[in-house]
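In what follows, a single structure is set out as structure tokens and then discussed.
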Amino acid sequence: MSGRQLALITPIRNEREQLDRLRRTVLSQELRPDIWVIVVGESSDGSLAAAEQLFSDLEWVSVIPQKTYAPGHGHMNFARGVNDGLSFILEEEGGHPFQYLSKVDATVDLDTDYFLKLAQALDMDEELVIVCGEESFEVDGRKQGVPTQPSGDIIIGFNDNRLYRRDFLVSVGGYPVSISPDTVLLVKSYKMGKRQKVLTTTGYCETRLGFNKEGAWKGYFHWGRGMYSLDYHPLLVVTVGLYFGLRFPPHYQGLALPMGFLSAFVNRERRIDDPEVRQYFRKERLIQVARSWFGGK
Numbered sequence: 318m319s320g321r322q323l324a325l326i327t328p329i330r331n332e333r334e335q336l337d338r339l340r341r342t343v344l345s346q347e348l349r350p351d352i353w354v355i356v357v358g359e360s361s362d363g364s365l366a367a368a369e370q371l372f373s374d375l376e377w378v379s380v381i382p383q384k385t386y387a388p389g390h391g392h393m394n395f396a397r398g399v400n401d402g403l404s405f406i407l408e409e410e411g412g413h414p415f416q417y418l419s420k421v422d423a424t425v426d427l428d429t430d431y432f433l434k435l436a437q438a439l440d441m442d443e444e445l446v447i448v449c450g451e452e453s454f455e456v457d458g459r460k461q462g463v464p465t466q467p468s469g470d471i472i473i474g475f476n477d478n479r480l481y482r483r484d485f486l487v488s489v490g491g492y493p494v495s496i497s498p499d500t501v502l503l504v505k506s507y508k509m510g511k512r513q514k515v516l517t518t519t520g521y522c523e524t525r526l527g528f529n530k531e532g533a534w535k536g537y538f539h540w541g542r543g544m545y546s547l548d549y550h551p552l553l554v555v556t557v558g559l560y561f562g563l564r565f566p567p568h569y570q571g572l573a574l575p576m577g578f579l580s581a582f583v584n585r586e587r588r589i590d591d592p593e594v595r596q597y598f599r600k601e602r603l604i605q606v607a608r609s610w611f612g613g614k
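Quick note on the numbering used here: the sequence shown kicks off at 318 and runs consecutively.
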């Protein structure tokens, strides 16, 4: 355990009601972060003041207001908030860089060994640069898990509550200020020949069903917009919409995803300025999904 240094970033916006649980789940970790930066975006519910008060007794926790914003898709501002946290951490490192960087949302209940097991996985495999645990939801009182990595797929089953190898993040220029930044990092690591893994021996429960505080419909609608930005093949958009619509309630969310994609197409929204990522989603991803879902290699 000696020498392991873990830095944690949690971006929040209008999450005052989630703060008590967030504190409990992080403080219950068997491997606690050496530094935890909570970045508070523009909030109307007093999140900044509430977080400053709640965490004031913990010297290793810094609550900072988000500094940079951009118009347009909410994911862009979310990514800027994470980057603000990353910049803060890199400044605090001095000559002693952290080994791993983690980002978790405010709405998760983590298994107590979550950080520990993810860090151990990174310790054991130097080619592994991104690792997360299994994600689950409470649906009608029953715990339902998200499928993980069929046929070794690099995206299906991956969630955004992860540990990253610090050197990998620095090598790609930090946290991407883009739509679906965590997905972009998966693709970048894959193209670099590095490994990504969903660890099935630990996990967390996502307390907000629908991936968005505004509800399932808007969450999946914005996901569809993000797919347009990444240059997803339209057939893949429809396939993913059907998959999630049939598997997870509310089932109408499957329609919201292609509608978000269509809205972005009609409005000619900006696409990501990264030819490598766009090429992957336009040319390679559909074949990978077919192999993953239908048992190919």
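Ideal Cβ placement from N, Cα and C applies to all residues, glycine included. Note that the structure is predicted; figures quoted are calculated from it, not measured.
- The segment 356–376 makes contact with the segment 332–346; the number of CB pairs closer than 8 angstroms reaches 3 or more.
- Residue 445 has its alpha-carbon roughly 30 angstroms from the corresponding atom of residue 536.
- In chain order, 545 place their CB closer than 8 angstroms to the CB of residue 582, counting only its own chain and leaving out the 5 sequence neighbours on each side.
- Going by beta carbons, residue 517 and residue 428 fall outside the 7 angstroms limit.
- When DSSP reads this structure, residue 379 sits in a beta bridge with 354.
- Of all C-beta pairs linking the segment 505–513 to the segment 409–427, fewer than three are shorter than 8 angstroms, placing the two stretches out of contact.
- Contact between the segment 321–328 and the segment 392–410 is established, with three or more Cβ pairs separated by less than 8 angstroms.
- Taking C-alpha positions only, residue 576 is separated from residue 597 by approximately 22 angstroms.
- Classified as exposed, residue 386 has fewer than 16 neighbouring CB atoms from the shown chains inside 10 Å of its CB.
- According to the DSSP assignment, residue 363 belongs to no beta strand (DSSP E), since it is labelled neither H nor E.
- When DSSP states are grouped into helix, strand and coil, residue 433 belongs to the helix group.
- By the C-beta density criterion, residue 334 is exposed, having fewer than 16 other C-beta atoms within 10 angstroms.
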